[in-house]
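Following this note's numbering, the numbering of the sequence shown begins with 63 at its first residue and continues without gaps. Data first, discussion second: the structure below is written as structure tokens.
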Amino acid sequence: MFTGIVQGIAHIASIETGRDFKTLTIKFPTGALNNLKKGASVAINGTCLTVTHFEHEKSEASFDVIKETLTVTNLQTLKIDDAVNFERAAKFSDEIGGHLMSGHIHTAVKIKSIIQNEDNCSIYFETPNNYKQYLLPKGFVGLNGCSLTLGEVNTNEFSVHLIPETLAMTTFGTCTEGTYINLEIDSQTQSIIDTVARILSKSS
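So, in structure tokens, the structure goes:
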């Protein structure tokens with residue numbers, strides 16, 4: 063389980079490609095892997111991955127990524143030296159600054175436009191047809207592992223508004239138009255909407 067509060071930016075150190083999977087070795091900031099254990103969960107661009115190997119001396123950890131994950135997420139497009147957002151799994155005593163996230167990505171959405179001024183940045187994404195019913199103004203989503211509040215939402219696009227701190231702490235500060243971003247729908251929103259739809263369907 064994760065909170066959507068990205069802890070920093072890491073970089074792809076190496077990629078091994080196998081049959082229907084890849085092994086990503088990622089270089090983390092010094093100290094970011096303290097107390098890490100094999101089998102632990104780390105969110106990479108919001109995707110929950112399992113640690114298969116790590117070296118504290120190098121601040122590196124490796125993760126196997128299977129075909130299904132590669133198909134649904136933007137991890138398939140990563141190259142050596144690319145930057146990624148990361149978050150270690152939440153502890154029960156942690157402050158929940160964002161919202162509870164599973165790290166199970168629903169789809170990747172493309173950035174349509176970026177509007178930036180001195181103090182604010184608004185990013186507009188293509189609305190995915192299969193999930194548009196779960197995107198509500200002022201609702202929550204996870205985007206590349208960041209817990210964010212939705213701004214405008216319509217059938218063609220939705221937006222988020224980012225403060226300078228978010229831009230500095232995450233890869234959103236260097237994103238460009240056309241970039242694909244991992245999207246995780248808020249599970250509570252999805253459950254409520256699906257339940258209401260099911261009840262209305264039975265009533266009719």
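C-beta atoms are modelled at their ideal positions from N, C-alpha and C, and glycine is treated no differently.
- DSSP places V146 inside the beta strand (DSSP E), whose first and last residues are 145–150.
- With fewer than 16 neighbouring CB atoms inside 10 Å of its own CB, T139 falls in the exposed class.
- DSSP places F154 outside both helix and strand once states are collapsed to three, so it counts as coil.
- Note on D248: 16 or more other CB atoms within 10 angstroms of its CB, so buried under the neighbour-count rule.
- Out of N216, C208, S184, the CA that lies nearest to the CA of P199 is found in N216.
- Per the C-alpha coordinates, the member of A75, A259, E239, S184 positioned closest to D144 is A75.
- Check the Cα spacing between V171 and each of D82, I243, K84, F64: the tightest is with I243.
- In the DSSP annotation of this structure, the continuous segment of the beta strand (DSSP E) that includes L205 starts and ends at 202–205.
- Counting only unbroken stretches of 3 or more residues, the beta strand (DSSP E) elements lying wholly within the stretch 163–208 are 169–178, 183–188, 202–205, in sequence order.
- Boundaries of the alpha helix (DSSP H) around D256: 249–265.
- Under the Cβ criterion (8 Å, minimum of three pairs), the stretch 149–160 counts as touching the stretch 102–116.
- Taken in chain order, the unbroken stretches of beta strand (DSSP E) that lie wholly in the stretch 116–144 and span 3 residues or more are 122–128.
- Where A102 is concerned, there is no enclosing beta strand (DSSP E), because DSSP gives it neither an H nor an E.
- In the displayed model, T228 falls within a helix according to three-state DSSP.
- Cβ neighbours of N96 within its own chain (closer than 7 Å, five residues either side excluded): none.
- Put simply, of H168, T236, T241, T85 the residue whose alpha carbon is nearest the alpha carbon of F187 is T241.
- Counting along the chain, the unbroken beta strand (DSSP E) around H73 starts and ends at 70–79.
- For G93, the three-state secondary structure derived from DSSP is coil.
- Taken through DSSP and simplified to helix, strand or coil, T87 comes out as strand.
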